[in-house]
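Just so you know, the sequences run in chain order A and B.
For the first sequence, this note's numbering gives the first residue as 532, with consecutive numbering after it.
For the second sequence, this note's numbering gives the first residue as 532, with consecutive numbering after it.
Below: the structure, in structure tokens.
Protein chains: 2
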Amino acid sequence: MNTQKRKKLEEKGWKFGTVQEFLNLSPEENNYIEVKLALSKGLQKFRKDKKTTQAQLAKMLASSQSRVAKMEKGDPSVSIDLLIRSLFNLGMSKKYLAQILLK
Amino acid sequence: MNTQKRKKLEEKGWKFGTVQEFLNLSPEENNYIEVKLALSKGLQKFRKDKKTTQAQLAKMLASSQSRVAKMEKGDPSVSIDLLIRSLFNLGMSKKYLAQILLK
DNA sequence: TAAATCTATGTCATTTCTGACATAAAGTCA
DNA sequence: TGACTTTATGTCAGAAATGACATAGATTTA
């Protein structure tokens, strides 16, 4: 399954796990996407727990509101690298990161 | 600490954790590097357990021997994305991935 | 419901990553 | 030692990620 196809799906708000049943996502692609979405959700949870806005979070991360929106959405233009670096920048521990991955 | 500086250090075979004591790696930079090196080591361990060569692993990953060498070294030109995708491609589970991160 | 605030999407220039190739360096073994 | 195998390093062109901006869409508040 290519990036474009996945992008389309994510754009339409598909949840993976559901998608894997319909389409031929390989287990490894599925794992990758699950990890990415778990990190995305982790970031969003952090922000909501802090009761702050994407714009404010962007400032903390020296990024932009639009980039934060994409991070929280697990947009294809966002890498796992960026998500992990962001979470660490916000003070998350490796231990908590590992737990997020298992969600 | 910038990429160039880190690159130099990694090139010289520095182990981080040691480095953090000497230089001003921030906790988040240190976490990032530790995660990356843990994944690198995980990949190398996989290969050695399978008693195979970098060239053969490269074939499994549809990559090149040189890229595999860099992955195992945690070279700055290698992203965490690539390491995670590679490990999943080789059949690693999310659970095992999470354990690697805590090493 | 109108204004204000917040989130999502599209696009772009620049930076970084990736696979590949060449070749150097290190290790193995006859 | 010298051939052979394996690993490491440098470089490059093409691909992907990143931050930023503009703006659309959604939500909240007065």
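For each residue, glycine too, the CB sits at the ideal point set by N, CA and C.
Here the structure is a predicted model, which is why all the values come from computation and not from measurement.
{"query": "Determine the burial state of residue 627/A: buried for a count of at least 16 other Cβ atoms within 10 Å of its Cβ, exposed for fewer.", "result": "exposed"}
{"query": "Exposed or buried, which one is residue 569/B when buried takes at least 16 other CB atoms within 10 Å?", "result": "buried"}
{"query": "Name, please, each residue of chain B whose Cβ falls closer than 9 angstroms to the Cβ of residue 589/A.", "result": "Residues of chain B passing the Cβ test: none, with the nearest at roughly 17 angstroms."}
{"query": "If we ignore side chains and look at the alpha-carbon of each, how far apart do residue 598/A and residue 615/A end up?", "result": "14 angstroms"}
{"query": "Please go through the same chain and pick out, in chain order, the residues whose beta-carbon is closer than 7 angstroms to the beta-carbon of residue 605/B, but skip the five residues on each side of it.", "result": "541, 567, 568, 571"}
{"query": "Whole angstroms is fine: what's the gap from residue 580/B's alpha carbon to residue 588/B's?", "result": "12 angstroms"}
{"query": "Express the C-alpha separation of residue 578/B and residue 562/A in angstroms, rounding to a whole number.", "result": "20 angstroms"}
{"query": "Rounded to a whole number of angstroms, what is the C-alpha to C-alpha distance between residue 591/B and residue 623/B?", "result": "14 angstroms"}
{"query": "Between residue 611/A and residue 631/B, is the Cβ-Cβ spacing less than 8 angstroms?", "result": "no"}
{"query": "Please return the same chain residues whose Cβ sits closer than 6 angstroms to the Cβ of residue 625/A, not counting the five positions on each side in sequence.", "result": "none"}
{"query": "When you compare the CB positions of residue 618/B and residue 574/B, do they come within less than 8 angstroms of one another, or not?", "result": "yes"}
{"query": "Quick check: is the beta carbon of residue 593/A nearer than 8 angstroms to any beta carbon in chain B?", "result": "no"}
{"query": "Please confirm whether residue 615/A has its beta-carbon closer than 8 angstroms to some beta-carbon of chain B.", "result": "yes"}
{"query": "Note the first and the last residue of the continuous alpha helix (DSSP H) segment covering residue 599/A.", "result": "596 to 604"}
{"query": "Would a check of beta-carbon distances place residue 612/B closer than 8 angstroms to chain A?", "result": "yes"}
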